[in-house]
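Novice: Okay, handing you the structure first.
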Amino acid sequence: MKLAAADLRHMLRLRRGTEFVFKFVAVAALLIALGSLATLLIDAFLDGAGRLSWQFLTSFPSRRPEEAGILSSLVGTVYLILLTALVAFPVGVGAAIYLEEYAASRWYSRLIEVNIANLAGVPSIIYGLLGLELFVRALGLERSLLAGALTMALLVLPIIIISSREAMRTVPPSIREASCALGASRWQTIWHQVLPLALPGILTGSILAFSRAIGEAAPLITIGALTYIAFLPDGLLAPFTALPIQIFNWVSRPQKGFHANAAGAILVLLVVLLLMNALAVFLRHRHQQRLRL
Amino acid sequence: MRSRSSFAIVTNNGCVSNMTEPIPALEVHDLDAWYGHTQALRKISLAIVEQRITAIIGPSGCGKSTFIRCLNRINDLIGGFRVAGRVLFQGQDLYAPDVDPIEIRLRIGMVFQKPNPFPKSIYDNVAYGPRLCGLKDPVRLDLLVEESLKKAALWDEVKDKLRRSALALSGGQQQRLCIARALAVEPEVLLLDEPCSALDPIATARIEDLLLDLKKNYTMVIVTHNMQQAARVSDSTAFFMLGQLVEFGPTSRIFTNPLEKVTEDYITGRFG
Ligand SMILES: Nc1ncnc2c1ncn2[C@@H]1O[C@H](COP(=O)(O)OP(=O)(O)OP(=O)(O)O)[C@@H](O)[C@H]1O
Ligand SMILES: [Mg+2]
């Protein structure tokens with residue numbers, strides 16, 4: 001197709017025009033997202049930075065805001081997430097291995113895949129209700145750390161399974177063929193080739209899932225986790241509290257001092273989240289280094 | 001396990017001796033193969049003789065890779081792949097229900113069309129198979145790795161960097177690494193799918209020398225697009241087209257006096 005010079009110039013001007021509009025819309029969208037995040041951070045920082053102190057981290061909750069601290073909820077959150085990981089990671093990766101490596105071509109594998117994707121989108125409070133019925137009542141675990149961790153594990157399982165399957169899918173078939181051609185069994189191929197190659201993706205996906213769980217209050221409130229706990233959990237069946245619950249509790253108090261406490265706790269929660277994401281980046285990076293040798 | 005017959009010693013110049021009946025290592029009877037609903041192989045029957053090199057030639061997409069991938073059941077890994085017919089390995093049907101594909105693959109090794117080293121060190125690539133079989137002794141592993149790399153004509157180039165990543169090697173070096181890796185498990189049959197397609201003429205010549213050398217101990221099937229290569233190294237040649245075996249016979253006869261017109265056209269480059 002041949003265009004006259006004038007037509008060409010006109011067309012180019014039009015294109016540059018539309019490009020400008022799209023760029024503007026994209027930048028505006030980005031600014032709105034970043035802006036609201038920044039506002040939240042600055043607000044929390046202004047309100048809560050003053051409360052951040054050793055005393056705040058090492059005190060139990062109290063009726064007097066200036067004496068209250070987050071010790072029990074911070075420790076509860078750490079225990080809760082470790083326990084959740086301990087349960088959800090092996091189960092999730094195991095399920096992903098089965099679906100991806102052993103049942104990949106079966107019809108029910110696709111059915112399960114669709115259902116798992118749907119489960120990942122179910123509101124967390126529904127998982128709370130399930131946890132309440134299943135763990136708290138049916139299994140008689142009461143409002144314990146274990147009941148909370150199992151509920152959280154249900155919540156993150158779909159995300160872990162999906163991201164693990166995706167990570168395993170990126171391992172090229174030629175590597176599997178090479179391994180099998182040398183007499184490796186299916187499990188040996190998974191263990192020596194597929195899992196090491198997929199591990200960075202599996203870890204990143206899982207850690208992101210756990211950091212989502214850390215911020216969840218709804219399922220824990222549903223299963224009836226306590227808000228006022230003046231001791232540390234001493235076992236799997238001990239009652240517990242967690243940071244989001246503490247924050248929720250403090251925000252709903254009328255006194256100004258508790259609002260500052262809530263902001264301080266939000267900052268601590270954000271630091272924990274950042275540390276977990278840094279860990280994900282670190283693990284991925286170290287693994288890539290190792291592959292390059 | 002490995003039956004060595006007297007005739008094999010007599011013939012080391014590539015000519016099939018007519019003194020004794022050649023012993024088939026692999027006998028293929030009426031082999032059909034499908035990927036889903038598309039048929040890739042139709043009624044292939046041929047015998048692959050022990051301690052000889054059998055070349056498979058034919059235009060792209062005619063089923064050469066499919067055929068040799070049936071010989072160690074590696075195509076089992078492909079979803080929807082199906083075969084009918086029989087492949088006898090030392091008299092035993094590879095596709096019989098009681099046959100363990102893992103044992104088959106240990107005894108029938110394979111080098112793939114595209115170099116596929118593991119993202120591990122050079123050493124770990126070669127040691128992978130023996131380790132799976134339970135070899136742990138580091139001294140014996142070292143020896144085996146060195147020996148395999150020497151057989152594949154790669155030792156001199158990599159002996160100082162065995163712990164470096166195999167992915168840092170050139171394409172041709174990677175292919176020779178894959179050959180070394182396959183030799184390390186000491187198979188009885190070696191299937192090579194265009195092992196030289198990524199190699200320069202010097203490396204190709206070295207691989208060809210290697211194949212002729214290995215012939216003393218191994219039965220080999222090689223897929224190649226290079227007519228000269230087939231003529232130089234192989235004892236028998238099979239010409240495939242559109243999933244069918246057009247002609248099969250001693251290489252010297254196929255290249256000098258083909259029975260079929262298409263074979264002649266393909267060999268002389270008048271194909272198409
Ligand atoms: N994994 C697969 N799934 C579906 N069809 C396939 C697959 N692999 C090969 N085929 C088909 O089977 C036929 C034979 O392919 P094959 O790879 O055996 O050819 P080839 O002779 O090795 O060709 P080339 O010389 O290009 O390597 C082709 O038509 C191809 O499209
Ligand atoms: Mg091929």
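In order, the protein sequence lines correspond to chains E and X.
This note's numbering applies: residue 1 is where the first sequence begins, and numbers increase by one.
This note's numbering applies: residue 1 is where the second sequence begins, and numbers increase by one.
Heads up, the beta-carbon is just placed ideally off N, CA and C, and yes, glycines get one too.
None of the values given here were measured: they were computed from a predicted structure.
(1) Please report the straight-line C-alpha distance between L195 (chain E) and M168 (chain E), rounded to a whole angstrom.
(2) Please list, in chain order, all residues of the same chain as R284 (chain E) whose beta carbon is under 6 Å from its beta carbon, the five residues on each side excluded.
(3) Can you name the residues of chain X whose CB is closer than 9 Å to the CB of A104 (chain E)?
(4) What would DSSP say about A198 (chain E), mapped onto helix, strand or coil?
(5) Nearest-angstrom Cα distance between A184 (chain E) and I112 (chain E)?
(6) Tell me which residues of the segment 178-209 of chain E have at least one Cβ-Cβ distance to chain X shorter than 7 Å, keeping chain order.
(7) Would you check if there are 3 or more beta carbon pairs closer than 8 Å linking the segment 140-148 of chain E to the segment 232-240 of chain E?
(8) For ligand 2, enumerate in chain order all residues having a CB closer than 7 Å to any of its heavy atoms.
(9) Anything in chain X within Cβ reach of D175 (chain E), meaning under 7 Å, just list it in chain order.
(10) Does the separation of the CB atoms of E100 (chain E) and R186 (chain E) fall below 7 Å?
(11) In whole angstroms, what is the alpha-carbon distance linking V171 (chain E) and V49 (chain X)?
(12) Give the C-beta separation of I247 (chain E) and A265 (chain E) to the nearest angstrom, bearing in mind that I take them to be a contact with Cβ-Cβ under 8 Å.
(13) So with Cβ pairs under 7 Å, would you call N220 (chain X) a contact of chain E?
(14) Per DSSP, what kind of secondary structure is R42 (chain X) in: helix, strand or coil?
(15) Quick one: does L283 (chain E) have its CB under 7 Å from some CB of chain X?
(16) State yes or no: is the beta carbon of R105 (chain X) nearer than 7 Å to at least one beta carbon in chain E?
(17) When the Cα of G129 (chain X) is compared with those of X:I267, X:G249 and X:R181, which residue comes out closest?
(18) Provide the residue(s) that pair with E247 (chain X) in DSSP beta bridges, ordered along the chain.
(19) When you compare each of E:S179, E:F24 and E:A260 to P101 (chain X) by their alpha carbons, which one comes out closest?
(20) At which residues does the alpha helix (DSSP H) containing E113 (chain E) begin and terminate?
(21) Is the closest heavy atom of ligand 1 to the C-beta of G121 (chain E) under 6 Å?
(22) Pairs of beta-carbons, one from the segment 174-188 of chain X and one from the segment 142-158 of chain X, closer than 8 Å: are there three or more?
(23) Say whether chain E places a C-beta atom closer than 7 Å to the C-beta of L132 (chain X).
(24) Would you say Y266 (chain X) lies against chain E (beta-carbon separation less than 7 Å)?
(25) Regarding S174 (chain E) and ligand 1, is the C-beta to nearest heavy atom distance less than 6 Å?
(26) I want to check one thing, is the minimum distance from the CB of A4 (chain E) to the heavy atoms of ligand 1 below 6 Å?
(27) Any beta-carbon of chain E closer than 7 Å to the one on V223 (chain X)?
(28) How about the segment 238-258 of chain X and the segment 38-49 of chain X: do they share at least three Cβ pairs that are nearer than 8 Å?
(29) By a C-beta neighbour count over all protein chains shown, 10 Å radius and 16 as the cutoff for buried, is V93 (chain E) buried or exposed?
(30) Does the distance from the CB of V75 (chain E) to the CB of A153 (chain E) come in under 7 Å?
(31) Going by CA-CA distance only, name the one from E:T222, E:V25, E:S105 and E:L8 that's closest to E142 (chain E).
(32) According to the neighbour-count rule (16 or more other Cβ atoms, all chains shown, within 10 Å of its Cβ), is V297 (chain E) buried or exposed?
(33) What does the Cβ neighbour count give for L259 (chain X), buried or exposed, with the cut at 16 atoms within 10 Å?
(34) Measure the alpha-carbon distance for A138 (chain E) versus R176 (chain E) and round it to whole angstroms.
(35) In the DSSP assignment, what are the bridge partners of Y35 (chain X)?
(36) Taking 6 Å as the cut-off, does the CB of A33 (chain X) come closer than this to any heavy atom belonging to ligand 1?
Specialist: The relevant details are as follows:
(1) Translated into the one-based positions of the first sequence, residue 195 (chain E) becomes position 195. Translated into the one-based positions of the first sequence, residue 168 (chain E) becomes position 168. Put simply, the backbone Cα of L195 (chain E) is about 7 Å away from that of M168 (chain E).
(2) Position 284 of the first sequence, counting from 1, holds the residue named residue 284 (chain E). These residues qualify, in order along the chain: P200 and T204.
(3) Here residue 104 (chain E) is taken as the residue at index 104 of the first sequence, counted from 1. Result: G79.
(4) Residue 198 (chain E) sits at position 198 when you count from the first residue of the first sequence. The answer is helix: DSSP assigns A198 (chain E) an H, G or I state.
(5) Position 184 of the first sequence, counting from 1, holds the residue named residue 184 (chain E). Position 112 of the first sequence, counting from 1, holds the residue named residue 112 (chain E). Distance between the alpha carbons of A184 (chain E) and I112 (chain E): 28 Å.
(6) A178, C180, A181, L182, G183, A184, S185, Q188, Q193 and L197
(7) yes
(8) Qualifying residues, in the order they occur: X:K64, X:S65, X:Q113, X:D193, X:E194 and X:V223.
(9) Your numbering for residue 175 (chain E) matches position 175 in the first sequence. According to the sequence displayed, residue 175 (chain E) carries Ile and not Asp. Under the 7 Å cutoff, chain X gives N116 and F118.
(10) Position 100 of the first sequence, counted from the first residue, corresponds to residue 100 (chain E). Position 186 of the first sequence, counted from the first residue, corresponds to residue 186 (chain E). No Cβ-Cβ contact shorter than 7 Å links E100 (chain E) with R186 (chain E).
(11) Stepping through the first sequence from its first residue, residue 171 (chain E) is reached at position 171. Stepping through the second sequence from its first residue, residue 49 (chain X) is reached at position 49. Their Cα atoms are separated by approximately 37 Å.
(12) Numbered from its first residue, the first sequence carries residue 247 (chain E) at position 247. Numbered from its first residue, the first sequence carries residue 265 (chain E) at position 265. With 8 Å as the limit, I247 (chain E) and A265 (chain E) qualify as a contact, their Cβ atoms being about 5 Å apart.
(13) Working through the second sequence from its first residue, we reach residue 220 (chain X) at position 220. Residue identity differs from the one stated: residue 220 (chain X) is Met in this sequence, not Asn. Chain E, which has no Cβ nearer than 7 Å to the Cβ of M220 (chain X), makes this no.
(14) Working through the second sequence from its first residue, we reach residue 42 (chain X) at position 42. Note: R42 (chain X) maps to strand in three-state DSSP.
(15) Looking up residue 283 (chain E) in the first sequence gives position 283. Taking Cβ atoms only, chain X never reaches closer than 7 Å to L283 (chain E), which makes this a no.
(16) In the second sequence, counting from the first residue as 1, residue 105 (chain X) sits at position 105. Chain E, which has a Cβ nearer than 7 Å to the Cβ of R105 (chain X), makes this yes.
(17) Position 129 of the second sequence holds residue 129 (chain X). Looking at the Cα atoms, X:R181 is the closest of the given residues.
(18) Numbered from 1 along the second sequence, position 247 holds the residue referred to as residue 247 (chain X). DSSP, once it has assigned bridges, lists X:F239 as partnering E247 (chain X).
(19) Numbered from its first residue, the second sequence carries residue 101 (chain X) at position 101. Checked all of E:S179, E:F24 and E:A260; the closest Cα to P101 (chain X) is E:S179.
(20) Position 113 of the first sequence, counted from the first residue, corresponds to residue 113 (chain E). Per DSSP, E113 (chain E) belongs to the alpha helix (DSSP H) from W107 to A120.
(21) Locating residue 121 (chain E) in the first sequence gives position 121, where the first residue counts as 1. Not under cutoff, so the answer is no.
(22) The segment 174-188 of chain X is in contact with the segment 142-158 of chain X.
(23) To locate residue 132 (chain X), count along the second sequence from 1; it is residue 132. It does: the Cβ of L132 (chain X) has a partner Cβ on chain E nearer than 7 Å.
(24) Along the second sequence, read from residue 1 onward, the residue named residue 266 (chain X) stands at position 266. Closer than 7 Å: no.
(25) Numbered from its first residue, the first sequence carries residue 174 (chain E) at position 174. Checking the Cβ of S174 (chain E) against ligand 1 gives no.
(26) Taking the first sequence and counting its residues from 1, one reaches residue 4 (chain E) at position 4. Checking every heavy atom of ligand 1 against the Cβ of A4 (chain E), none is found closer than 6 Å.
(27) As a working note, residue 223 (chain X) is residue 223 in the second sequence. For V223 (chain X), the answer is no, since every Cβ of chain E falls outside 7 Å of its Cβ.
(28) Look at the beta carbons and you see the segment 238-258 of chain X touching the segment 38-49 of chain X: at least three pairs across the two are nearer than 8 Å.
(29) Sequence index remark: in the first sequence, residue 93 (chain E) carries index 93 (1-based). Classification for V93 (chain E): buried.
(30) The residue labelled residue 75 (chain E) in the question sits at position 75 within the first sequence. The residue labelled residue 153 (chain E) in the question sits at position 153 within the first sequence. Against a cut-off of 7 Å, the Cβ pair of A153 (chain E) and V75 (chain E) comes out as no contact.
(31) Sequence index remark: in the first sequence, residue 142 (chain E) carries index 142 (1-based). Considering only alpha carbons, the answer is E:T222.
(32) Residue coverage of chain E in this structure runs from 1 to 293, which leaves residue 297 (chain E) outside it and unanswerable.
(33) Counted from its first residue, the second sequence places residue 259 (chain X) at position 259. By the Cβ neighbour-count rule, L259 (chain X) is exposed, with fewer than 16 other Cβ atoms within 10 Å of its own.
(34) Within the first sequence, the letter at position 138 stands for residue 138 (chain E). Within the first sequence, the letter at position 176 stands for residue 176 (chain E). Whole-angstrom Cα-Cα distance: 44 Å.
(35) By 1-based counting over the second sequence, the position of residue 35 (chain X) is 35. Answer is X:T38 and X:F81, bridged to Y35 (chain X).
(36) Against the second sequence, residue 33 (chain X) aligns to sequence position 33. Look at A33 (chain X): its beta carbon is at least 6 Å from all of the heavy atoms in ligand 1.
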